[in-house]
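Residues in the sequence shown are numbered from 1 upward in steps of one, following UniProt numbering.
Ideal Cβ placement from N, Cα and C applies to all residues, glycine included.
Being a predicted model, the structure only gives us computed values, none of them experimental.
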Amino acid sequence: MSFDGKLKAQSILETYKNFDWSKCKLVIIQANDDDSSDSFIKQKLIACNTVGAKSELIKLSNQITQAELIEKIISLNHDVNVTGIILQLPVYPHLDKNSLLEAINPLKDVDGLTTNHLAEIKPCIVEAIITLKELFNLEFNNQKIVVVGLGITGGKPIYEFLKTSGYKVQACDKDTPNTFELIKSADIVFTAIGKSHFFQAKNFKKGVILFDIGVSRNKQNKLCGDINPEGIEKKARWWTKTPGGVGPFTVLAIIKNLWILHEKNKRCLQSSI
Numbered sequence: 001m002s003f004d005g006k007l008k009a010q011s012i013l014e015t016y017k018n019f020d021w022s023k024c025k026l027v028i029i030q031a032n033d034d035d036s037s038d039s040f041i042k043q044k045l046i047a048c049n050t051v052g053a054k055s056e057l058i059k060l061s062n063q064i065t066q067a068e069l070i071e072k073i074i075s076l077n078h079d080v081n082v083t084g085i086i087l088q089l090p091v092y093p094h095l096d097k098n099s100l101l102e103a104i105n106p107l108k109d110v111d112g113l114t115t116n117h118l119a120e121i122k123p124c125i126v127e128a129i130i131t132l133k134e135l136f137n138l139e140f141n142n143q144k145i146v147v148v149g150l151g152i153t154g155g156k157p158i159y160e161f162l163k164t165s166g167y168k169v170q171a172c173d174k175d176t177p178n179t180f181e182l183i184k185s186a187d188i189v190f191t192a193i194g195k196s197h198f199f200q201a202k203n204f205k206k207g208v209i210l211f212d213i214g215v216s217r218n219k220q221n222k223l224c225g226d227i228n229p230e231g232i233e234k235k236a237r238w239w240t241k242t243p244g245g246v247g248p249f250t251v252l253a254i255i256k257n258l259w260i261l262h263e264k265n266k267r268c269l270q271s272s273i
């Protein structure tokens, strides 16, 4: 079973229109020339517009230095009109993404990627997985779960969430010697390697649950997931298509986190008066 993630996420997003977004602003910093990022950013800006939140994209050239970008982030941290900040990953090769992320004030960390992010803020990919799990009544207990890929915005936060939640989970990547052996025996598989159609239906067992997280462009410049959809309908009990599967729910998580930050900052401001 697959589903239209865009349609389902949009229906949930509509409920956020009831909130007062007049004093909410999301700033997205783009320090890359990545085509996939352009698509992701567009969806985030559209979501903000849908609910009524302000948004701004700051697109930087590859001439930007680490120091200049950190200075820009600090300036946004101090801007009372900015509710949340996103550093769109990846960044230019000469930049250190970890230092840049840590420069974001946790009170404005929408993605939940800083070390000291608020307890109420979950990484967007984790929030998306939780929403899908609840929406489709997916059972993770007593299931063998494998996460392939440990990127900072994909597999790593998913693996950490599953592990701390007490689920039976293993992590590997495409270069791990027994990766295909692990996923062949798994009940639930999360793929997050960003390699177009790297996995085929034959790599999974019958009745598997598949979360296709990775996104990349194929030779025809079309957005694709890690899993080749051919034959998957007959193999998987439930799976997410890419694009249009998990992605819309990560965008939904951004809106949810932005509202949480707005409410948190409002309470902090009131308590200081």
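Query                                                                                                          : Result
Delimiting residues of the beta strand (DSSP E) encompassing Ile232                                            : Counting along the chain, Ile232 falls outside any beta strand (DSSP E), though it belongs to the alpha helix (DSSP H) covering 232-235.
Delimiting residues of the beta strand (DSSP E) encompassing Leu100                                            : Premise fails: Leu100 lies in the alpha helix (DSSP H), 97-102, not in any beta strand (DSSP E).
CB of Ser144 within 7 Å of CB of Ala186, strictly                                                              : It is worth fixing the name first, because residue 144 is Lys in this sequence and not Ser. Result yes, Cβ atoms of Lys144 and Ala186 sit closer than 7 Å.
CB of Leu45 within 7 Å of CB of Ser55, strictly                                                                : yes
Unbroken beta strand (DSSP E) run spanning Ile227, endpoints                                                   : Unbroken run through Ile227: none, as it is neither H nor E.
Helix, strand or coil at Trp259 according to DSSP, with G and I counted as helix                               : helix
DSSP-derived helix/strand/coil call for Ala171                                                                 : strand
Reference Ser172, options Ile227, Gly112, Ile193, Ser165, closest by Cα                                        : What sits at residue 172 in the sequence shown is Cys, not Ser. Of Ile227, Gly112, Ile193, Ser165, the residue nearest in Cα terms is Ile193.
C-beta contact flag for Gln30 and Val251 at 7 Å                                                                : no
Cβ distance (whole Å) where Leu182 is taken to contact Val146 below 8 Å                                        : 5 Å
Short Cβ contact (7 Å threshold) for Ile70 with Ala103                                                         : yes
Buried or exposed (CB count within 10 angstroms, at least 16 for buried), Ala67                                : exposed
Residues near Lys6 by beta carbon distance below 7 Å, same chain, minus five either side                       : Gly244, Pro248
Residues near Ala236 by beta carbon distance below 6 Å, same chain, minus five either side                     : Val208, Leu210
Residue span of the beta strand (DSSP E) that contains Asp212, given as start and end                          : 208-212
Closest residue to Asn98 among Gly84, Thr115, Val110 (Cα-Cα distance)                                          : Thr115
Counterpart residues of Ile193 in DSSP-defined beta bridges                                                    : BP columns for Ile193 are empty, so no partner.
Among Val51, Lys174, Lys222, Leu162, nearest to Ile188 - alpha-carbon criterion                                : Leu162
Option nearest Lys264 by Cα separation, candidates Ile12, Glu120, Ser196                                       : Glu120
Sequence-distant residues of the same chain with beta carbon closer than 6 Å to Ser196, five excluded per side : Ser216, Asn218, Cys224
Proximal residues to His262 (C-beta, below 6 Å), its chain only, five neighbours per side dropped              : Cys24, Thr83
Element boundaries [beta strand (DSSP E), containing Glu134]                                                   : No beta strand (DSSP E) holds Glu134; the alpha helix (DSSP H) holding it covers 124-135.
Beta-carbon gap between Leu87 and Leu101 smaller than 7 Å                                                      : yes
Coarse secondary structure for Pro248, derived from DSSP in three states                                       : helix
Neighbourhood of Val110 by C-beta, 6 Å cutoff - its chain only, sequence neighbours within 5 removed           : Gly84, Ile86, Ile254, Asn257, Leu258
For Trp238, the nearest candidate out of Ile152, Val80, Glu139, Phe180 (CA to CA)                              : Glu139
Alpha helix (DSSP H) runs contained entirely in the segment 39-122, provided each spans 4 or more residues     : 66-78, 97-102
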